[in-house]
Structure formats: C-alpha cells, structure tokens
Amino acid sequence: MKISEVTPLVMGTEWRNLTIVKVRTDEGLTGVGEVRMVNHTQALLGYFEHAIPNHVLGADPFDIEALVQRMWRTDFERAGATVMSGIAAIEIACWDIVGQATGQPVFKLMGGAVRERIK
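FYI, in the working numbering the residues of the sequence shown are 3 to 121.
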C-alpha cells in the first residue's frame, strides 16, 4: 500500500482556518488529518506544496515513523510550528488509514484505553 494522493482543504475564516488533509492510498483507503494554524495557513500550505511531492507521495502509510522522520529531518534542521503541524496532520491521516486497513480504532493501535470510564 502506498500513498497516492494528498489533498489539503482549508475551511474557516481568513484569520482562523482549519486545514483538513485527505490522504488517499493506491488501494482506495482515505485517511483524514487536521491542523489549525492561526494566521499561518498560507505558510502551512506552502510547506505542503514542498513536502507532499518530495516526501509523502509513494510512502507506505503503515511506516509512519519513517515518514515523520523523513519529513522532519530531510529539509529542516530545526522544524518550527508550521512544519511540525503539517507533519502531525499527515501522521493523523496515516493512523486513520492503518486503523481502517486493520479494522481497529486508532486508540487501540496506540496502546488501548488507559481507563474504562471518565468520572
């Protein structure tokens, strides 16, 4: 399974946008991630323009750590909030894909519930 398409969608107001990232695989699964960058949405989209073709397309959505490391270390010695937020949105979408592919909720993939209920 490989990532074949990534689509960032911006929703909200001019100063407070929510960016939804849809990550599609060659097997037809679509994962969704999101990030909010107050007053920095254009910078985030600029990062995506660079990162998606250079690091994300063709990557294995199951190999999340390798993808995160490649996005983080390859281009930026000290990744700031914009880069880390963009990476997080892609990572969330990959976890969504892994959950769909394995039939498991993401919380179980990350180690399961910590408690049975909240008081």
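Each residue gets a CB set at the ideal place from its N, CA and C atoms; glycine is no exception.
* Helix or strand or just coil, what does DSSP make of E118? -> Counting from 1 along the sequence shown, the entry for residue 118 is found at position 116. It is coil, neither helix nor strand.
* To do: Measure the beta-carbon distance from S87 to L46 and round it to whole angstroms, keeping in mind my assumption that it falls under 8 Å.
  => Start at 1 with the first residue of the sequence shown, and residue 87 comes out as number 85. Start at 1 with the first residue of the sequence shown, and residue 46 comes out as number 44. Right, their Cβ atoms sit about 6 Å apart.
* Asked: When you compare only the Cα positions, how much space is there between E51 and K121?
  -> What you label residue 51 is simply residue 49 of the sequence shown in a count that begins at 1. What you label residue 121 is simply residue 119 of the sequence shown in a count that begins at 1. So the two alpha carbons sit approximately 44 Å from each other.
* To do: Return the bridge partner residues of I22 from the DSSP annotation.
  => Walking along the sequence shown from the start, residue 22 turns up at place 20. BP columns for I22 point to L11, E36.
* **Proximity winner among G105, D98, V12, M112, relative to V37 (alpha-carbon distances)** => Translated into positions along the sequence shown, residue 37 becomes position 35. Distances from the alpha-carbon of V37 to those of G105, D98, V12, M112 put V12 closest.
* **Within the segment 61-95, ranges of the alpha helix (DSSP H) (whole runs, at least 4 residues)** => The segment 61-95 contains, as complete alpha helix (DSSP H) runs of 4+ residues, the segments 66-75 (chain order).
* Identify the continuous alpha helix (DSSP H) that holds L59 and give its terminal residues. => Residue mapping note: residue 59 aligns to position 57 of the sequence shown, counting from 1. For L59, there is no enclosing alpha helix (DSSP H), since its DSSP letter is neither H nor E.
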